[in-house]
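Report on one structure; see the data block that follows.
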Amino acid sequence: MRRNRTGRARIRAAAALTVAALAAGAAAGAGPAVAQPQAAPTAAAADCSAAYRIEQKLAGGTTWRMCWRYDSKAGLVLEHVSYQPKGEPKPIQVLNSARLAQIDVPYDDGSVEYDDLTGFGFAQGLVKLAPGECPGGTIRTIKVPDAWDPQHPNVNGLCTTTRSRGHAYRMQGDSADKVFQAQGKDLLVYTVNQVGWYEYMTEWRFQDDGTVNVNVGATGSLSYDDYDAGDGRGWPIGKGAKAYATSHTHNVFWRLDFGLDGSSKTKVEQYDSAVTAPAQGRQAPSAKTTRTKVTKELAGDYKTYRWWRMVSATGKNQDGHARSYEIVPGPTTKYPGRSFTRHDVYFTEYNKCEQFASNNPGNCPAGAGKSVDKWVNGQTLTHPVVWMNVGFHHIARDEDQQPMPVHWQGFAIAPRDVTAMNPLTPDELAWQNGHWRPRS
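Here's what the structure looks like:
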């Protein structure tokens with residue numbers, strides 16, 4: 000929370016904190032802080048050297064591969080992301096690139112609005128991670144572009160590790176003492192960036208079943224400068240009702256460029272289901288689902304029984320079904336105050352200059368607009384880019400101090416027909432695909 004700070008003062012505050020963190024990292028040495036040595040990858044990911052390659056085979060047999068780089072405004076960028084479950088002869092490319100596209104923070108009293116990525120040094124605020132923050136993994140060194148302290152640009156700030164997530168599945172077998180179950184594993188890739196009083200945890204969780212969970216967690220500290228809301232919009236923090244913290248919204252945007260099966264000509268489909276009252280003689284209401292092919296740029300909104308998927312233009316699974324990834328929304332509070340935050344998802348035609356969802360600094364032609372809503376202008380989608388918008392209205396509470404617990408916002412993309420069966424199916428059940436009958 001950063002009310003009553005001018006942009007310049009806020010940047011100076013962030014710079015001072017970051018320089019201190021960088022200096023501490025430099026004192027410890029320029030090399031990476033390693034939580035646990037990482038074995039050399041067995042197969043090279045495309046288009047990046049070993050230093051920028053992430054490759055992890057999870058316990059269930061799934062291997063994720065990707066390249067990483069660090070952008071001077073977006074921070075961590077993942078590229079050439081591929082997924083190879085057991086039984087697949089080669090990696091299946093999922094994403095050309097994936098990254099944050101903006102964190103827009105307007106305050107409820109109208110006094111200020113921050114664009115953390117393009118205006119307030121998000122990338123330069125990368126912080127050093129302690130080994131205990133990356134248990135069982137590796138902390139890699141990032142050379143921060145345009146670092147606050149040019150003498151110390153290297154920050155040990157990228158964690159790659161694995162995490163358990165509980166049951167991947169459970170199924171009772173034919174007999175009471177036969178249970179099929181597996182504990183799921185994820186590859187976790189994350190950084191922490193400090194902007195003012197906030198620390199943003201940008202995490203990507205790549206599950207062994209092909210799902211990708213995308214989240215930003217806000218933590219750090221409530222600003223003491225913020226305990227001054229006298230307009231009835233804040234919430235009292237501390238003793239009595241004197242120190243009011245100003246409420247505000249975090250509008251987080253991500254930019255996903257799908258490249259399923261190595262092709263950028265991904266197709267977009269929207270599905271809507273309508274539920275009607277029970278027909279005569281029926282016990283329950285009925286539902287009918289319709290598909291709409293999205294062929295032109297779209298500003299979309301979530302509704303009950305609505306969802307989208309990105310469909311491969313070239314690849315099919317072993318059942319002959321087109322591979323796709325479904326967009327799975329997370330909880331959101333849509334902010335109506337700005338035109339670019341009024342929709343949940345945008346599908347735009349790829350344009351190199353369109354990089355950030357608001358206050359875009361790219362060299363777009365004059366009149367093209369500086370935000371994602373201005374880029375939805377009827378173009379035919381041949382290389383669609385997905386922009387996700389997830390909002391969180393932060394009304395502070397006593398429990399937010401001190402430090403502030405992480406509050407998460409995000410979404411997921413889930414495989415739909417990428418493989419012919421559950422990629423974690425045990426060998427004993429691999430024959431039960433489609434219409435099957437118990438063996439005699």
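The numbering of the sequence shown is numbering that gives the first Met the number 0, which starts it at 0 and goes up by one.
Every residue, glycine too, gets a C-beta built ideally from N, C-alpha and C.
Given the structure is predicted, the values throughout are model-derived calculations rather than measurements.
If you check the beta carbons only, do R232 and S246 fall under 7 Å apart?
-> To locate residue 232, count along the sequence shown from 1; it is residue 233. To locate residue 246, count along the sequence shown from 1; it is residue 247. Yes, the Cβ-Cβ distance between R232 and S246 is below 7 Å.
Measuring CA to CA, which of V194, H406 and D318 is closest to G329?
-> Walking along the sequence shown from the start, residue 329 turns up at place 330. With distances taken between Cα atoms, G329 lies closest to H406.
E78 - DSSP class collapsed to helix/strand/coil | As a first step, residue 78 is located in the sequence shown; it is residue number 79 there, counting from the start. It is a strand residue.
In whole angstroms, what separates the C-alpha of N388 from that of R169?
-> Here residue 388 refers to the residue found at position 389 of the sequence shown. Here residue 169 refers to the residue found at position 170 of the sequence shown. The straight-line gap from Cα to Cα measures roughly 33 Å.
Own chain residues within Cβ distance below 7 Å of A26, not counting five before or after = As a first step, residue 26 is located in the sequence shown; it is residue number 27 there, counting from the start. Reliability of the predicted coordinates at A26 is poor, the pLDDT of 33 falling under 50, and the value obtained from them is presented with this limitation in mind. Within the same chain, A26 has no close Cβ partners at all.
Cβ separation of C158 and Y197, assumed to be a contact under 8 Å, to the nearest whole Å = Within the sequence shown, numbered from 1, the residue matching residue 158 stands at position 159. Within the sequence shown, numbered from 1, the residue matching residue 197 stands at position 198. Their Cβ separation, rounded to whole angstroms, is 19 Å, which puts C158 and Y197 out of contact at 8 Å.
Between the Cα of T418 and the Cα atoms of D271, S48, A97 and T61, which residue gives the shortest distance?
-> The residue given as residue 418 occupies position 419 in the sequence shown. If we check each option's Cα against that of T418, T61 comes out closest.
Tell me which same chain residues have a C-beta within less than 8 Å of the C-beta of A22, skipping the five on either side of it?
-> Position 23 of the sequence shown holds residue 22. Summary for A22: the model assigns pLDDT 37, below 50, so the residue's position carries little reliability; its value from the coordinates is reported in the next sentence. So the qualifying residues of the chain are D148 and H151.
Reduced DSSP category for L255 - H, G, I as helix; E, B as strand; rest coil | Here residue 255 corresponds to residue number 256 of the sequence shown, with the count starting at 1. Note: L255 maps to strand in three-state DSSP.
CB L259 to CB R308, shorter than 7 Å?
-> Against the sequence shown, residue 259 aligns to sequence position 260. Against the sequence shown, residue 308 aligns to sequence position 309. No, the pair does not count as a contact, with Cβ atoms beyond the cut-off.
Give the DSSP-derived three-state secondary structure of Y349 in the structure shown.
-> Along the sequence shown, one-based indexing puts residue 349 at 350. Three-state result, Y349: coil.
With distances taken between CB atoms, is the gap from W67 to L77 smaller than 7 Å?
-> Translated into the one-based positions of the sequence shown, residue 67 becomes position 68. Translated into the one-based positions of the sequence shown, residue 77 becomes position 78. Result yes, Cβ atoms of W67 and L77 sit closer than 7 Å.
Beta-carbon separation of I138 and L128 under 7 Å?
-> By 1-based counting over the sequence shown, the position of residue 138 is 139. By 1-based counting over the sequence shown, the position of residue 128 is 129. Less than 7 Å separates the beta-carbon of I138 from that of L128.
Per DSSP, the bridge partner or partners of G183 | What you label residue 183 is simply residue 184 of the sequence shown in a count that begins at 1. According to DSSP, G183 bridges with G165.
Looking at the structure shown, is G124 part of a helix, part of a strand, or coil, going by DSSP?
-> Numbered from 1 along the sequence shown, position 125 holds the residue referred to as residue 124. In the three-state scheme derived from DSSP, where H, G and I count as helix and E and B as strand, G124 is classed as helix.
Entirely within the region 323–376 and at least 3 residues each: give me those beta strand (DSSP E) ranges in chain order.
-> Unbroken beta strand (DSSP E) stretches of 3 residues or longer found wholly inside the region 323–376: 344–348, given in chain order.
Taking just the CA atoms, how far does T424 sit from G336?
-> Position 337 of the sequence shown, counted from the start, is the residue given in the question as residue 336. Position 425 of the sequence shown, counted from the start, is the residue given in the question as residue 424. If I take the Cα positions, the gap works out to 47 Å.
What's the call for P414, buried or exposed, on a 16-neighbour Cβ count within 10 Å?
-> Residue mapping note: residue 414 aligns to position 415 of the sequence shown, counting from 1. The residue in question, P414, is buried, as its Cβ has 16 or more Cβ neighbours within 10 Å.
Under the assumption that G261 contacts Q92 (Cβ atoms under 8 Å), give the Cβ distance between them as a whole number of angstroms.
-> Counted from its first residue, the sequence shown places residue 261 at position 262. Counted from its first residue, the sequence shown places residue 92 at position 93. With 8 Å as the limit, G261 and Q92 qualify as a contact, their Cβ atoms being about 5 Å apart.
Taking the runs of the beta strand (DSSP E) that are 3 residues or longer, which of them lie wholly in the region 185–272?
-> 197–206, 211–219 and 247–257, all fully within the region 185–272.
Might you give, ordered along the chain, the residues of its own chain that have their beta carbon closer than 8 Å to the beta carbon of D70, omitting 5 neighbours on each side?
-> Counting from 1 along the sequence shown, the entry for residue 70 is found at position 71. Excluding its 5 nearest sequence neighbours in each direction, D70 has C-beta neighbours in its own chain below 8 Å: V76, R98, A122 and P144, listed in chain order.
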